[in-house]
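Novice: Residue numbers (our numbering): -17 to 372.
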Ligand SMILES: Cc1cc2nc3c(=O)[nH]c(=O)nc-3n(C[C@H](O)[C@H](O)[C@H](O)COP(=O)(O)OP(=O)(O)OC[C@H]3O[C@@H](n4cnc5c(N)ncnc54)[C@H](O)[C@@H]3O)c2cc1C
């Protein structure tokens, strides 16, 4: 909330596209449910009023639009929503070594990958550049690269990430997103600039490249020979680091919930349980093996999440869905917060409290952001009106 209170919406609107611009850095907290969009907007509006079409409100909208698409399309978001510039078979099913190890020799790409590995975060513009290069220049299938990126991002969210990749790829939007060296020179610090590289071209040339199956894998004209700058791809893991105090619960641990009201905390709702839990309640943090076996995380991500979860409960369990089902049979009442990441696993085990949304839900699936935005903000002129609804 301190971070939210420090946001300056005017500076945000002016500088958000610059790598050193005044962006909020709130996405890990929003992804993991530490704070919600209504809380953040309330903090902003306590300082000044904002029009409904303020840039920041609009960006909040993108987050919820992607949720809207996910809630309607389900697992279809993991496949191309429609055909992009090329057939699916024109794209590779593996992310090349030089991209994963930040040794393409193209500064903007290597800086982006190193920043990702070092910090677990990446500016939106850098994500767009990286995604565009990977898909349109190197012809890697967006899905392969989206799976790779999401494991390293502290804010990794399957809707925002996978649908953003589709937006860049042109399988979730009407045209491929392209960028060139001039664009990088305008928005990024000098060490990211990439003159004389494969992206130093006109947009017409880049468009032809995106629409041709030829992959530009050759070494770029400019090569950096500096081994210290190689980004070693960190391992990703299906279990949290061993030195953290989670456990695989024993039969005795599982007895903790027998005869108790249980509040389940999962990685997408890392907030304090509602006030008014009975004295007989226990709060259990969940890492479900089935989820993490499909979506492993970097060490940095695990540590971030576990630190936030440990603020809520000392009991953090890594277990299989079946074990949880058996254990919860002995509980008197089980509740949790709904989230699409785990809904399919916990919906039959717990009463799900809806997560607070900022925009009112739109029943019919909208295929474009602008269509969804029109429906959800119909008749509004001020952002304040969103809070009266939510
Ligand atoms: C290839 C790619 C992958 C992405 N993967 C993710 C992801 O896994 N998780 C994620 O939260 N965002 C993702 N984004 C969107 C965006 O890059 C991040 O939300 C943003 O960079 C987070 O930084 P911030 O909090 O400083 O954002 P700010 O610019 O300060 O925006 C405030 C909030 O608005 C929301 N937001 C802003 N831009 C977008 C956007 N384009 N799409 C969706 N929500 C947005 C976020 O919740 C963000 O925290 C991805 C974008 C691309 C191009």
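Backbone N, C-alpha and C define an ideal beta-carbon position, used for all residues, glycine too.
1. Which runs of the alpha helix (DSSP H), 4 residues or longer, sit entirely within the region 239 to 313?
2. Would you check if the distance between the CB atom of residue 351 and the CB atom of residue 60 is smaller than 8 Å?
3. Is residue 217 helix, strand or coil when you go by DSSP?
4. Kindly list the residues whose CB is nearer than 8 Å to the CB of residue 303, restricted to its own chain and excluding five residues on each side of it in sequence; keep chain order.
5. May I have the straight-line CA-CA distance separating residue 316 from residue 136, to the nearest angstrom?
6. Run through the DSSP bridge pairs and tell me what residue 334 is partnered with.
7. Relative to the C-alpha of residue 349, which candidate in 50, 36 and -6 has its C-alpha closest?
8. Can you determine whether any heavy atom of ligand 1 sits closer than 7 Å to the C-beta of residue 305, and answer yes or no?
9. Any chance the region 87 to 107 sits against the region 218 to 238, with 3 or more Cβ pairs inside 8 Å?
10. Does residue 364 come out as helix, strand or coil in the three-state DSSP assignment?
11. For residue 74, which beta-bridge partners are listed by DSSP?
12. Does residue 297 pass the burial test, meaning 16 or more other C-beta atoms within 10 Å, or should it be called exposed?
13. Would the beta-carbon of residue 15 fall within 8 Å of that of residue 320?
14. In whole angstroms, give me the CA-to-CA distance for residue 68 and residue 229.
15. Could you give the distance in angstroms between the alpha-carbon of residue 161 and the alpha-carbon of residue 152?
16. Rounded to whole angstroms, what's the CA-CA distance from residue 234 to residue 58? Just pull it up for me.
17. Going along the chain, which residues of its own chain have a beta-carbon closer than 7 Å to the beta-carbon of residue 145, five neighbours each way excluded?
18. The alpha helix (DSSP H) with residue 236 in it runs from where to where?
19. Would you kindly report the start and end of the unbroken alpha helix (DSSP H) that includes residue 37?
20. Out of -4, 26, 6 and 4, which one is the CA nearest neighbour of residue 368?
Specialist: Taking the structure as given:
1. 271 to 276, 281 to 292 and 303 to 310
2. no
3. coil
4. 270, 271, 272 and 327
5. 28 Å
6. 318
7. 50
8. no
9. no
10. strand
11. 122
12. buried
13. no
14. 47 Å
15. 14 Å
16. 40 Å
17. 48, 51, 59 and 154
18. 233 to 236
19. 37 to 55
20. 26
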